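In this note's numbering, the protein residues as written are 227 to 652.
C-beta atoms are modelled at their ideal positions from N, C-alpha and C, and glycine is treated no differently.
Keep in mind that this is a model prediction, so the values were computed, not measured.
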Amino acid sequence: MVLLLLMFGLILGLSDPCLGSEVFSSQLFILPLTHQNFSFLTPGVTYRPSLLKMPDLPSWLHYTYSPAVRTGFVYGVPPEGMQDFQLEVIAKDKHTYETSHRVFKMDVLEQPRKPYEVHFKIKNMNVEELLVGGRWDRLHQVISSDLWQESAEDLTVTSLASATQYGDRLPASPDEKEGVYVSYGSSVPFSTALLELEKEVEPLWDHHPCPSYFKKASYERFFRQQGFAIDWCSFKLYNNKKNTLIGDDADGEDEGPKSPVISALENEGRVYLQRRDQVEKRSYTFDVVHTILIPLVVMLVLLGLLTLAMCCHRNNMDQQSSVFFDELFDDFPRIPTGQDIQMVQYASIHRANEALRSLKGREHSPHPSTATTMTQADTFTRSRTASPSSTLPRNSTLSSRRFEDYATLSRPDPPPYQRNGMTPTR
């Protein structure tokens, strides 16, 4: 009984949205779903709403469930030009697995969009929490009584969506709330309080995310008293007559036509897509030539030039490279080849023959033993200085004999050996 009274009071308290079988375009309507609508005895029921003979809801309709009152809510703002539609809701009892369905027929009444709208975000609650407990009435009272008194007669809700539907990220902590975006519209111009509040929070529009250390706004006390925490970075006023912000309109600058993305963001996510026959047809020949054919031709030309450079001048390049490397390594020592080793052996034999000839010429020396000894020592010295790993270039004129050999041959013979001042004789 208490639950029935609560739901009855909730439905009657929502004087703003259009409930029942008649809804207005450009104005929020909310359809509560309870187990009494489907003749279930227990409240443990799940709901699955969709358009009649369709798998899901359209993009402008949303569904949420409140565990606090065990009620589901279908809410949305019918776009302008929307025709009558039917909602089919399938309910299932979680205890008995009994199912039931009901069709709600909605007659859409055409209503122009409100020219003046105020848009803001409530960051301390979710959509299902805003729709229960009398919070919706308290929020309506803050706007109509404290900030916008002139709009009390025709103030309506023009948008209601969760923060995730607007593209905001989910909170890092599961205990934090997602947030709710709400828009109120009226045909009465904005009050002085709203204009002053927007001018006060305008420096925060470029901050993402909104800084938490910002000073309290002058009219924030009205929201705090009712339990609402407003994200002032999202507080904006829109003039739908000129499709601009009030702050931009005050500068006296007329903007050109806006892009579909910006218009969709300013229209609370409502995107009006064109039909296929309305899309302008154009040729993609220039795009194909510009992105594929031109780079392909340039690549083929460069490939041909590289082929000519590598193939046609190959012989000349090989000869030039051979001469270059020969000149580069002429001044460096090289490992002796077989011919160099034969020349060294010939030089040693030649030195031996020269030594024998010199000994033969010194047969009449006063002390043959001394001459023989010196000659043999000289021969041994010359033999030790010879090395097969000669550092002289191959083309040098001294390739057969080393520099040390010539230094030894030019050295004068030692004097004859004398004993006690006397030259020994044979």
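With a threshold of 8 angstroms, are at least 3 pairs of Cβ atoms found where one atom belongs to the stretch 398-413 and the other to the stretch 369-387? yes
Can you check which of these residues, Leu528, Ser252 and Tyr445, is closest to Tyr342 by C-alpha distance? Taking the first residue of the sequence shown as position 1, residue 342 is located at position 116. For Tyr342, the nearest C-alpha among the options comes from Ser252.
Tell me, which residues are paired with Glu343 by DSSP? Looking up residue 343 in the sequence shown gives position 117. Glu343 pairs with Gly411 and Tyr464.
Considering just the uninterrupted stretch of the beta strand (DSSP E) at Gln312, what are its terminal residues? For the purposes of this step, residue 312 is taken as the residue at position 86 of the sequence shown. Counting along the chain, the beta strand (DSSP E) containing Gln312 begins and ends at Phe311 to Asp319.
Using only the alpha-carbon positions, how far apart do Phe454 and Trp362 sit? Counting from one through the sequence shown, the residue named residue 454 turns up at place 228. Counting from one through the sequence shown, the residue named residue 362 turns up at place 136. Taking the straight line from one Cα to the other gives about 11 angstroms.
Terminal residues of the beta strand (DSSP E) in which Arg333 lies: As a working note, residue 333 is residue 107 in the sequence shown. One point to set straight first is that residue 333 is Asp, not Arg, in the sequence displayed. Start and end: Thr325 to Leu335.
Which residues bound the beta strand (DSSP E) around His366? Residue numbering aside, residue 366 sits at position 140 when the sequence shown is read from its first letter. First-last for His366: Arg361 to Gln367, but that is the alpha helix (DSSP H), not the beta strand (DSSP E).
Can you tell me which of the three DSSP states Glu248 falls into? In the sequence shown, the residue the question calls residue 248 occupies position 22. Strand at Glu248.
Apart from the five residues just before and just after Pro269, which ones in its own chain have a Cβ nearer than 8 angstroms to its Cβ? Translated into positions along the sequence shown, residue 269 becomes position 43. Leu229, Thr260, His261 and Arg296, listed in sequence order.
Return the CA-CA distance between Lys425 and Ser285, expressed in angstroms with no decimal places. Counted from its first residue, the sequence shown places residue 425 at position 199. Counted from its first residue, the sequence shown places residue 285 at position 59. Going from the Cα of Lys425 to the Cα of Ser285 covers about 33 angstroms.
Where does the unbroken beta strand (DSSP E) through Leu386 begin, and where does it stop? On the sequence shown, position 160 is the one that residue 386 refers to. First-last of the beta strand (DSSP E) with Leu386: Thr382 to Ser388.
Beta strand (DSSP E) segment containing Gly298, residue limits: Reading the sequence shown from its first residue, position 72 is the one you call residue 298. First-last of the beta strand (DSSP E) with Gly298: Thr297 to Gly302.
Put Gln644 into one of helix, strand or coil per three-state DSSP. Your numbering for residue 644 matches position 418 in the sequence shown. Coil.
According to DSSP, residues forming a beta bridge with Ile575: What you label residue 575 is simply residue 349 of the sequence shown in a count that begins at 1. In the DSSP output, where bridge partners are listed per residue, Ile575 has none listed.
For His516, the three-state DSSP class (helix, strand or coil): Locating residue 516 in the sequence shown gives position 290, where the first residue counts as 1. Here His516 sits in helix by DSSP.
What is the DSSP secondary structure of Leu283, counted as helix, strand or coil? Taking the first residue of the sequence shown as position 1, residue 283 is located at position 57. Of the three classes helix, strand and coil, the one that applies to Leu283 here is coil, per DSSP.
Express the C-alpha separation of Glu336 and Ser385 in angstroms, rounding to a whole number. As a working mapping, residue 385 is identified with position 159 in the sequence shown. As a working mapping, residue 336 is identified with position 110 in the sequence shown. Looking at the two C-alpha atoms, the distance is approximately 17 angstroms.
May I ask you to report which of helix, strand or coil DSSP gives Phe449? The residue given as residue 449 occupies position 223 in the sequence shown. Here Phe449 sits in helix by DSSP.
Mind checking who Thr272 pairs with in its DSSP beta bridge? Numbered from 1 along the sequence shown, position 46 holds the residue referred to as residue 272. Bridge partners of Thr272: Lys318.
Own chain, CB closer than 7 angstroms to Gln644, minus 5 neighbours either side, in chain order: Within the sequence shown, residue 644 is the residue found at index 418, counting from 1. Nothing meets the Cβ criterion.
DSSP three-state assignment for His288, whether helix, strand or coil: Stepping through the sequence shown from its first residue, residue 288 is reached at position 62. Strand, per DSSP.
Consult DSSP for Val358 and reduce its assignment to one of helix, strand or coil. To locate residue 358, count along the sequence shown from 1; it is residue 132. Coil, per DSSP.
Backbone secondary structure at Cys537 - three-state DSSP: By one-based count along the sequence shown, residue 537 stands at place 311. Cys537: helix per DSSP, three-state reduction.
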